[in-house]
Amino acid sequence: GYTQSTKSGQDGTFRLVNIPTDQYQLKVTAPGFQSYVQTVAVRTQVPIQVKAQLVLAGAQQTVEVSASAEVVENEPAAHTDVSQNLLADLPIASTGQGLSDAITLTSGGVVADSNGFFHPQGDHAETTYVVDGQPITDQQNKTFSTQLPANAFQSLELVSSSPNAEFGDKTGLIVNAVTRSGLGQKANASFDTYYGSFGTVGEDATFGIGGAKWGNFFLADTSRSGRFLDSPEFYPNHDIGNTENFFDRIDFVPGSKDSLHLDIFAARNWFQIPDTYDQPLQDQRQQARTLSFSLGYQHTFNAQMLLSVNPFLREDRVNYYPSGNPFDDSPATIGQDRHLTNWGTRADFSYSSGIHNLKIGSEVMQYRLKEGFELGLTAPTFNPVCLNAQGGAVTTPTLTNPNACAGLGYTANPSLALGLIPYDLSRGGTLFLFHGAANVNEQAVYAQDQITLKNLTLSPGVRFDNYDGLSTDRLVEPRFGFSYLFKKTGTVIRGSYDRTMETPYNENLILSSTTGAGGLASNGFGSFGNAPLRPGHRNEFDVGLQQGVGKYLRVESDYFWKYTNDAFDFDTLFNTPLAFPIEWRKSKIDGVSARISTSNLHGFQAYMTLGHTRARFFGPETGGLIFNSPLNVSAFRIDHDQALQQTTYLHYQYKKNGPWVMFTWRYDSGEVAGSVTDLADALALSGDEQAAIGFHCGSQFATIEQPITSCSGGYRASRLVIPSPGTFDPDHNPPRIAPRNLFDAAIGTDNLFHKEKGVKTSLKFTAVNITHEAAQYNFLSTFSGTHWVSPRSYQITLGWTL
Numbered sequence: 035g036y037t038q039s040t041k042s043g044q045d046g047t048f049r050l051v052n053i054p055t056d057q058y059q060l061k062v063t064a065p066g067f068q069s070y071v072q073t074v075a076v077r078t079q080v081p082i083q084v085k086a087q088l089v090l091a092g093a094q095q096t097v098e099v100s101a102s103a104e105v106v107e108n109e110p111a112a113h114t115d116v117s118q119n120l121l122a123d124l125p126i127a128s129t130g131q132g133l134s135d136a137i138t139l140t141s142g143g144v145v146a147d148s149n150g151f152f153h154p155q156g157d158h159a160e161t162t163y164v165v166d167g168q169p170i171t172d173q174q175n176k177t178f179s180t181q182l183p184a185n186a187f188q189s190l191e192l193v194s195s196s197p198n199a200e201f202g203d204k205t206g207l208i209v210n211a212v213t214r215s216g217l218g219q220k221a222n223a224s225f226d227t228y229y230g231s232f233g234t235v236g237e238d239a240t241f242g243i244g245g246a247k248w249g250n251f252f253l254a255d256t257s258r259s260g261r262f263l264d265s266p267e268f269y270p271n272h273d274i275g276n277t278e279n280f281f282d283r284i285d286f287v288p289g290s291k292d293s294l295h296l297d298i299f300a301a302r303n304w305f306q307i308p309d310t311y312d313q314p315l316q317d318q319r320q321q322a323r324t325l326s327f328s329l330g331y332q333h334t335f336n337a338q339m340l341l342s343v344n345p346f347l348r349e350d351r352v353n354y355y356p357s358g359n360p361f362d363d364s365p366a367t368i369g370q371d372r373h374l375t376n377w378g379t380r381a382d383f384s385y386s387s388g389i390h391n392l393k394i395g396s397e398v399m400q401y402r403l404k405e406g407f408e409l410g411l412t413a414p415t416f417n418p419v420c421l422n423a424q425g426g427a428v429t430t431p432t433l434t435n436p437n438a439c440a441g442l443g444y445t446a447n448p449s450l451a452l453g454l455i456p457y458d459l460s461r462g463g464t465l466f467l468f469h470g471a472a473n474v475n476e477q478a479v480y481a482q483d484q485i486t487l488k489n490l491t492l493s494p495g496v497r498f499d500n501y502d503g504l505s506t507d508r509l510v511e512p513r514f515g516f517s518y519l520f521k522k523t524g525t526v527i528r529g530s531y532d533r534t535m536e537t538p539y540n541e542n543l544i545l546s547s548t549t550g551a552g553g554l555a556s557n558g559f560g561s562f563g564n565a566p567l568r569p570g571h572r573n574e575f576d577v578g579l580q581q582g583v584g585k586y587l588r589v590e591s592d593y594f595w596k597y598t599n600d601a602f603d604f605d606t607l608f609n610t611p612l613a614f615p616i617e618w619r620k621s622k623i624d625g626v627s628a629r630i631s632t633s634n635l636h637g638f639q640a641y642m643t644l645g646h647t648r649a650r651f652f653g654p655e656t657g658g659l660i661f662n663s664p665l666n667v668s669a670f671r672i673d674h675d676q677a678l679q680q681t682t683y684l685h686y687q688y689k690k691n692g693p694w695v696m697f698t699w700r701y702d703s704g705e706v707a708g709s710v711t712d713l714a715d716a717l718a719l720s721g722d723e724q725a726a727i728g729f730h731c732g733s734q735f736a737t738i739e740q741p742i743t744s745c746s747g748g749y750r751a752s753r754l755v756i757p758s759p760g761t762f763d764p765d766h767n768p769p770r771i772a773p774r775n776l777f778d779a780a781i782g783t784d785n786l787f788h789k790e791k792g793v794k795t796s797l798k799f800t801a802v803n804i805t806h807e808a809a810q811y812n813f814l815s816t817f818s819g820t821h822w823v824s825p826r827s828y829q830i831t832l833g834w835t836l
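Residue numbers (our numbering): 35 to 836.
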C-alpha cells in the first residue's frame, strides 16, 4: 500500500504532504520510546493536526483497538485504492495503455475492451480523471488521445459510486490521481529499459529532488511496438507504433500557509492502423499529440479553512492519414484533422470543523473544437446498388439508381445506404468533405459536506451545471449518500442517490451533431439539418456492504442502478480508431460489483474483483457516421453488457527486499456482439471473417480461401456465441463474444544485488496470456469494430534505482 515517511524538526514538528484521500495508519517512532500509532482519515485537503505523545519504553499504556474496524472504511462511496507499487507490478497488455490496464484490473465494475478501452459500471466512456486537481472528462485512450504513463502516479483512487457534487460531466467512474512529487525528497532517480515480443522496446526514466520548500519530479518514457493496437487479426499486420511521454511536476512552498505546484505534460502517439488479410495494400496511419499545463495553488487560512485554485490548459491534436492511393484503402479512404483545446479554472473553499467537512466550489471551462474529415468508398461491394440472381453485388460503376435494377434483370439492394452513393468513388462519386468549428462552454457551482455523527456518515451535496455548446442545457443535481459502521462486527452499510448531467463526448461532436437520425448512411449530409447531441439526465442509486474479517481481509459488494434519458455511445468507423458520438433515447443500466482483498500477510497480498452488468439501450439513435444497427428497436443490449468479469491478483515477496512473483487471472464471459444473429448472417461473412470467429459447419472449418457458403447440418463458432435458430432476441438473447480466460505472470526483484545503499538493480520478466488463448474483445461491432486480445507475449525489464 501507500507509505510516506519523514523526520521531525528539532522542535518535534513534522509535516507530510501530497497525501491522497484515504484512511491511513500514522506511526511515530523515536529511540527509547514506545511507538505511537493512530488511524487518520484524510477526506479533504484541509491540513490535519495530530498531537503525538510518546511514552517511555517499558511504561504501561492501555489502548483500545477495534481490529476489524481497521480494515473497513466508513464512507458512502465505493472506491478502490491503487498504490504506486501495485501500478508497477500489474501486467500491461499493450504499449501506451498502462493507466487503462490498471483501472481494468483493479475495479470490479469495469468491462474490458480493446486498445486499453474500458466500460465503467455499464457506461461506454463516462470517466472523469482528476489529476492533481485538473478535471479531464475527455477519453484518455491511446486511440483518441494520449494518457499519462502509470509510473507518473503516486496513487489512484477509483470511485465507482456516489460521486460527490464536485464531479460532473462524466460520473460513471471518478479517477482521483495524485502524481509523484519531489517535494521534501532527497535526490532519487530510476531508469528502466525493456524488450519484448513483437519487437517491443522502450525506456522509462524518472528523476526527483527537493527540499522543505521546493521539489521537482521529471519523467521521460518512450516505447515502440510491432503490436501497438489490438489488431483485427490474431497476429498483427501493419501495426507498428510508438509513443513518447514527458511529465514534469514542480512544487514550491513559499511559507507555512501557501503552496503551489505546476504540472507539465507533453506526449505523442504515432501508429499504423492494423489491417485485415483482405486489405493487403492499405497504409492508413494516425498521430495524436497532447500538451497540458495545470497550476495548483492552495492557501491555508487556519487549521479549519483552505482555498484551492486550479487553472489549466490542455490541447489534443489528432491527425489520421489515408493511403497514398485512395483505392489501396478498403472499403473506404479516410482522413481526419481533429483539434481540441480545453482551458478553465476550478476553485473551491474547504472548511473542516467538528462533525463537518464542507466544500464549496465552482468550475468554469471551455472546449474549442475543430474538425476536418474526408471519406470516400472504394469497394464496389460494400454498398452495392443492385444484386444479381445469386444475391451477389453488381459492381457496374454506372449503376447508381436502385430504380434501374429491375430493368437490367437485377434486384435492388434492400440494405442500400442511399446517403453513401454520392461518396462512392467506385461509382464515380466524390469525397465527402467536412470542416467545422465550435465552442462548448461549461459552468458549474457545487456545495457538499461530509457529516460524521459517531458511526453514521452523511454526504449531502448539490451541483448546478450549465452546458452551452452545440446544444444547451442546465440542471440542478442533488446528491446524497450515507454509511453506517457497526463496530462490533466490523460492518459498513452504505447507500446513495445522485442526479447527474452527462455531457456529450467531444471527439467528432460537430460532425455527429450534423448527420441526424441514423447518421450519414441513412440521410446524407445535412438532409436533416442540424440535430445536435444534447446532454443526458441521469438518476443513479447505489447500495453497498463492506465487511472486515479479522485484521487482514475485507469483503465488499455494491449494486448500482442507473436510468438515463439521452444516453451516449460511439459509432466506430470499420476497424479504425475513428469514432463518432451517438445518442440513444434512453438507457437502463444495473449491475453488481464485488471485491475481496487482503492486507499484507508476511509478504503475500491478494485481491479478487467481480462484476456483472446489464446495459439496456432504447432507440431511436441520433448522430454517427455509418451506422448499421437497428434504429427503432424497443430495447437491446449494447456491448457494455457482460454477465461476468473477474480478476484475481496474487503477489508474494520474500522478505522486504527479496524476489517477488505475481499472477493474474482475468475472466470475461463475453460482451454483446450483435452482427451475427443467425446462420444467414454467418454465411454472408467473408472467409477471413468466418475464420476469425472459428465458424464451422459440422467438421468443415472456414478458411480465408474457402469460406462456407451453405450449411445444412449443425454449425457453431468457437469464438462467438450465435443464438440457436429462432431464439435471437436483441434484449434477452443477443449474440456474444465467447468466454475467455487470460492468465498473466511476472517474476522479479527490486534489488538484484542486495545493496543497502547506492544504486539498486532491478530485474523483471513478464508473460502475458501465457496459455496463448485466441480470443476476441469484439467482432464487427458498430461500437468498436473487430479486435483480438494479445497473443502470448513476453517482456524482460532491467532497471536501476538511486
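For glycine and all other residues, C-beta sits at the position ideal for the given N, C-alpha and C.
Residue pairing from DSSP leaves His158 without any beta-bridge partner. In its chain, beyond the 5 residues on either side, Phe327, Trp377 have a beta carbon closer than 6 Å to the beta carbon of Leu347. Per DSSP, reduced to three states, the secondary structure at Thr40 is coil, with no helix or strand assignment. Rounded to the nearest whole angstrom, the C-alpha separation of Ser547 and Ala565 is 5 Å. Taking a contact as a CB-CB distance under 8 Å, the pair Pro538 and Pro569 counts as one, their CB atoms being some 7 Å apart. Bounds of the alpha helix (DSSP H) holding Gly132 are 132 to 140. Within the DSSP bridge table, the entry for Lys393 names Ser384, Gln482 as partners. Beta-bridge analysis with DSSP links Gln639 to His685. Contact between the region 139 to 149 and the region 524 to 544 is absent: fewer than three C-beta pairs spanning the two stretches fall below 8 Å.
The C-beta distance from Gln131 to Gln188 rounds to 20 Å, too long to meet the 8 Å contact threshold. In the DSSP secondary-structure assignment, Val793 is not bridged to any residue. The region 122 to 140 makes no contact with the region 605 to 623, as fewer than three CB pairs between them are under 8 Å. Annotated as proximal: Asp285 and Trp248, with beta-carbon spacing under 9 Å. In this structure, Val84 sits away from Leu120, with a CB-CB distance that is not shorter than 9 Å. Taking the Cβ atoms as the reference, Lys404 lies roughly 4 Å from His373, within the contact range of under 8 Å. DSSP places Ala801 in the strand class (E or B) of the three-state scheme. The region 305 to 320 makes no contact with the region 288 to 296: fewer than 3 CB pairs, one atom from each, lie closer than 8 Å. Residue ranges of uninterrupted beta strand (DSSP E) with 3 or more members, entirely inside the region 569 to 595 and ordered along the chain, are 570 to 583.
Between Tyr401 and Asn540, the CB-CB gap stays under 9 Å. Contact between the region 727 to 736 and the region 684 to 701 is not established, with fewer than three Cβ pairs separated by less than 8 Å. Distance between Arg380 and Glu349, taken at the CA atoms: about 17 Å. Fully enclosed beta strand (DSSP E) runs of no fewer than 3 residues occupy 466 to 487, 490 to 502 of the region 438 to 516, in order along the chain.
Gly625 is bridged by DSSP to Phe594, Thr647. By the CB criterion at 9 Å, Asp576 and Phe602 fall outside the cutoff. Counting only residues of its own chain and dropping the five nearest sequence neighbours on each side, Leu450 has a CB closer than 7 Å to the CB of Asn417, Val419, Pro436. Sixteen is the threshold: since fewer than 16 other Cβ atoms of the shown chains lie within 10 Å of the Cβ of Leu442, the residue is exposed. The beta-carbon distance between Arg774 and Val710, rounded to whole angstroms, is 17 Å. This is too long to meet the 8 Å contact definition. Contact check for Asn391 against Ile485 passes: the beta carbons are separated by less than 9 Å. Annotated three-state conformation of Ser815 is strand, per DSSP. Contact between the region 775 to 784 and the region 801 to 818 is present, with at least three C-beta pairs closer than 8 Å. The region 616 to 626 makes no contact with the region 579 to 589; the number of CB pairs closer than 8 Å stays below 3. The alpha-carbon separation between Asp499 and Gln477 amounts to approximately 6 Å. The beta carbon of Ala254 is closer than 6 Å to those of Ala239, Phe280 in its chain, skipping five residues each way along the sequence. Here Gly150 carries a helix assignment [DSSP, helix/strand/coil].
Cβ-Cβ separation between Ala707 and Ile616: approximately 18 Å, too far for a contact (criterion under 8 Å). With a beta-carbon spacing of about 6 Å, Asp765 and Arg671 fall inside the 8 Å limit used to define contacts.
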